[in-house]
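Visitor: This note's numbering numbers the first residue of the sequence shown as 129 and each following residue consecutively.
For reference, the structure I am asking about is given below.
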Amino acid sequence: MTRISRVLLLVVWLAFIVYALFFAPGAGSGEDPWLRPLLTLSADEPSLLAMFTLLGLYPLAFACMLLRHDDRIVPAWPFVILSFALGAFALLPYYILTSHTHAGSHGLRLSEGLRKTAESPITHAVLFVLTVLVMGYGLLLGDLGVYMEAFRTSHFVNVMTIDFGMLTLLSVYAIYTGSRRRWRPQATALLGFVPVLGLILYIWMTRMDQSASPYVPSQTSSRSRRRSRAGSG
Numbered sequence: 129m130t131r132i133s134r135v136l137l138l139v140v141w142l143a144f145i146v147y148a149l150f151f152a153p154g155a156g157s158g159e160d161p162w163l164r165p166l167l168t169l170s171a172d173e174p175s176l177l178a179m180f181t182l183l184g185l186y187p188l189a190f191a192c193m194l195l196r197h198d199d200r201i202v203p204a205w206p207f208v209i210l211s212f213a214l215g216a217f218a219l220l221p222y223y224i225l226t227s228h229t230h231a232g233s234h235g236l237r238l239s240e241g242l243r244k245t246a247e248s249p250i251t252h253a254v255l256f257v258l259t260v261l262v263m264g265y266g267l268l269l270g271d272l273g274v275y276m277e278a279f280r281t282s283h284f285v286n287v288m289t290i291d292f293g294m295l296t297l298l299s300v301y302a303i304y305t306g307s308r309r310r311w312r313p314q315a316t317a318l319l320g321f322v323p324v325l326g327l328i329l330y331i332w333m334t335r336m337d338q339s340a341s342p343y344v345p346s347q348t349s350s351r352s353r354r355r356s357r358a359g360s361g
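Here it is as C-alpha cells:
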C-alpha cells in the first residue's frame with residue numbers, strides 16, 4: 129500500500145506541474161491582470177484575496193503538524209518553508225519521500241521552543257480564528273462571478289485555485305495516514321475535506337499524543353532502544 133501511495137502521489141505531483149506549466153488557461157505573468165494586485169494585497173475582489181490568504185494559512189497549518197516532530201531522515205522544514213511560496217508543489221515531494229520512513233530515524237532537528245509553538249493550543253486557536261475570518265470575508269463579501277471569470281482568464285488565479293484543492297486533498301491523506309498509525313478512527317480523515325480548519329482540528333486533537341509524528345517507530349528501532357536500555361541496566 130505504501131508503494132502504491134508513493135506512486136500515486138508522484139503521478140499527481142508531476143501532473144500538477146505539467147498542468148501549471150503547459151495547460152493552465154489565462155495570460156502569462158507579464159500580462160496577468162490579477163498577479164500584481166494579489167501579490168501586493170491590493171486586489172479589490174474579496175473572494176480572490178481570501179483564497180490568496182488561505183494559501184498562506186495552509187502552510188502554517190502543515191508547519192504545525194510536521195515540525196512538532198521533525199525526526200525522519202528527510203527533514204520537513206525545507207519543504208515547509210518552500211510551501212509558503214509553492215504550496216502543494218513543495219509539500220507533495222516531502223510525503224513522497226517519507227511515506228516509507230519511520231519516526232525516530234533522525235534526532236529532533238528544531239529547538240524545543242519552536243516545537244512547543246507548533247504544539248501550542250494558542251497557536252492552533254489563532255490559526256483557526258484567522259481562517260474563519262478569512263473564509264467569512266471571502267464568502268460573504270466576494271462575488272463568485274468575478275472569481276470564475278478570473279479563474280478562466282488569469283493563469284495565477286487558476287493555478288492557485290488548483291493548488292488550494294491539492295492542499296485540501298493532501299490534508300486528507302496526511303490525516304488518514306496519521307490516524308491509521310495512531311489507531312484512531314480512519315474516518316477522522318474526513319476532517320481534511322474542510323479546508324484548513326479540518327487540519328487544524330486534527331492537529332489540536334493529536335497534540336497530546338506521545339508520538340506527534342504521523343509515522344510510528346520501526347520495530348527495528350524499538351528493539352534497538354530496548355537492547356540499549358537493557359544493556360545500561
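Even glycine gets a Cβ: it sits at the ideal position worked out from N, Cα and C.
1) Pop quiz: residue 319 and residue 330 are said to be a contact at Cβ under 8 Å. What is the actual Cβ separation, rounded to whole angstroms?
2) By Cβ distance, which residues of its chain are closer than 6 Å to residue 177, with the 5 residues on each side in sequence left out?
3) Counting only beta-carbon atoms, is residue 137 nearer than 8 Å to chain D?
4) What do you get for residue 276, buried or exposed, if any count of 16 or more other CB atoms within 10 angstroms of its CB means buried?
5) Just checking my contact of residue 173 with residue 274 at CB under 8 Å: how many whole Å lie between their CB atoms?
6) Can you check whether the CB of residue 282 is closer than 8 Å to the CB of residue 155?
7) Would you kindly work out how many angstroms separate the C-alpha atoms of residue 328 and residue 195, rounded to a whole number?
8) Since residue 284 and residue 162 should fall inside the 8 Å C-beta cutoff, what is the C-beta to C-beta distance between them, to a whole number of angstroms?
9) Excluding the 5 residues flanking residue 397 on each side, which residues of the same chain have their C-beta closer than 6 Å to its C-beta?
10) Give the secondary structure of residue 361 by DSSP, where H, G and I count as helix, E and B as strand, and everything else as coil.
11) Less than 8 Å between the beta carbons of residue 218 and residue 210, yes or no?
12) With C-beta atoms as the reference, is residue 190 less than 8 Å away from residue 202?
13) Can you tell me whether residue 155 is helix, strand or coil according to DSSP?
14) My parser needs the alpha helix (DSSP H) runs of 4 or more residues fully inside the region 250–299; what are they?
15) What residues in its chain sit with their C-beta under 8 Å from that of residue 303, if we drop five residues either side in the sequence?
16) Quick check: what's the CA-CA separation for residue 198 versus residue 147?
17) Using a Cβ-Cβ cut-off of 7 Å (strictly less than) and excluding sequence neighbours within five positions of residue 308, which residues of its own chain qualify?
Guide: Taking the coordinates as given:
1) 5 Å
2) 171
3) In summary, chain D is missing from the structure at hand, where a single protein chain is found.
4) exposed
5) 5 Å
6) yes
7) 14 Å
8) 6 Å
9) In the structure displayed, the chain extends from 129 to 361; residue 397 sits before or after that span and is not available.
10) The pLDDT assigned to residue 361 is 47, lower than 50, so where the model puts this residue is not dependable; a value taken from the coordinates is nonetheless given after this. If DSSP states are grouped into helix, strand and coil, residue 361 belongs with coil.
11) yes
12) no
13) strand
14) 272–281
15) 316, 317, 319, 320, 326, 327, 330
16) 31 Å
17) 314
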